[in-house]
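All letters in the sequence shown, in the order written, are residues 61 to 364 by the numbering used here.
Beta carbons: idealized from backbone N, C-alpha and C, even for Gly.
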Amino acid sequence: QMSNSSYITEFLLLAFTDTRELELLHFALFLGIYLAALLGNGFILTTVACDHRLHTPMHFFLLNLALLDLGSISTTLPKAMANSLWDAETISYAGCAAQVFLFLFLMTAEYSVLTIMAYDRYVAICQPLHYGTLLGTRACATMAAAAWGSGFLYALLHTANTFSLPLCKGNAVGQFFCEIPQILKLSCSDSYLREAGLLVVCLCSVFGCFVFILVSYVQIFRAVLRIPSEQGQHKAFSMCLPHLAVVSLFVSTGMFSYLKPPSISSPSLDLVMAVLYSVVPPALNPLIYSMRNQEIKDALRKLM
């Protein structure tokens, strides 16, 4: 056992399997998912940046979402793939801290952007006459900067607080990447309660954003049902359903991973849930948005 975190120079990450052949299979699977995420999000970034018809608030926030998805999956998956390929389990102390900070930063900013996107759709459908005023260039830039800035501050606060705790229960992180709950399990100090308290406060913020998204969509669906033409209703639903699907995937996997009862918790289930909330959404989000977005489809045809 280690008496203080200053003696820890590296952490041991949880391996997906003990069998070498299965490790290589995991590497190939994650490489495929990673390449799909790179291509999908790269396509969103390229089309929105290059096609002037997509220079709208909705696509501006979609561009931010693609950037955040690229960052979040690049924070966790390359290290996991390298460990699977080279039959390793370690990550340096600095690398672990960087992983915690970057993942928290990008995931928090992504949740904020998803909340802003709900507001964008609410204004577009419920207050279309005020859309240009409420979501002008300056307003969009300010909201995006607030999302990125709040994510940065949140991650900085939690990372500094977590890694200031003395760690004396070994260096084995029970996950395939470094995350705060697993680091807290290694702490031998009662001060971990301070970090747990901060997490509760942040969970309240997450719940507040979720309620905002929920209320926005209640108002949106009420407005859509009042649209007289079937074509108008279809267009409104096409605008909202991809975002709703992405939010549902993001929130459901994250909430189940962190709020599941301890009685059903196990290392293998924790591992699967971590993959579901950290790897699957960044890979699926571009597909979800591209399938229902006619402008994105048209831009793809032009590029091809």
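- Taking a cut-off of 8 Å on C-beta distances, the segment 101-114 touches the segment 339-355, as three or more cross pairs fall below it.
- In the three-state reduction of the DSSP assignment, isoleucine 151 falls in the strand class, which pools E and B.
- At a Cβ-Cβ threshold of 8 Å, isoleucine 176 and alanine 343 do not count as neighbours.
- Out of Val275, Gly292, Leu123 and Gly155, the CA that lies nearest to the CA of isoleucine 356 is found in Leu123.
- Pairing phenylalanine 236 with leucine 99 gives a Cβ-Cβ distance that is not under 8 Å.
- Following the DSSP letters along the chain, one finds glutamate 290 inside the alpha helix (DSSP H) bounded by residues 290-319.
- As summarised for the segment 102-173, the continuous beta strand (DSSP E) elements at least 3 residues long and confined to that stretch are 150-152, given in chain order.
- The three-state reading of DSSP puts serine 210 in helix, counting H, G and I together.
- Taken in chain order, the complete beta strand (DSSP E) segments of 3 or more residues contained in the segment 221-259 number zero; there are none.
- Contact between the segment 262-280 and the segment 178-189 is established, with three or more Cβ pairs separated by less than 8 Å.
- Only buried fits proline 341, as 16 or more other CB atoms lie within 10 angstroms of its CB.
- Leu246 is the residue among Val183, Asn143 and Leu246 whose C-alpha sits nearest the C-alpha of glycine 230.
- For aspartate 147 and alanine 220, the gap between their C-alpha atoms comes out near 30 Å.
- Spanning the alpha carbons of isoleucine 185 and leucine 259 requires a straight line of approximately 35 Å.
- Bridge partners of phenylalanine 270 according to DSSP: none are assigned.
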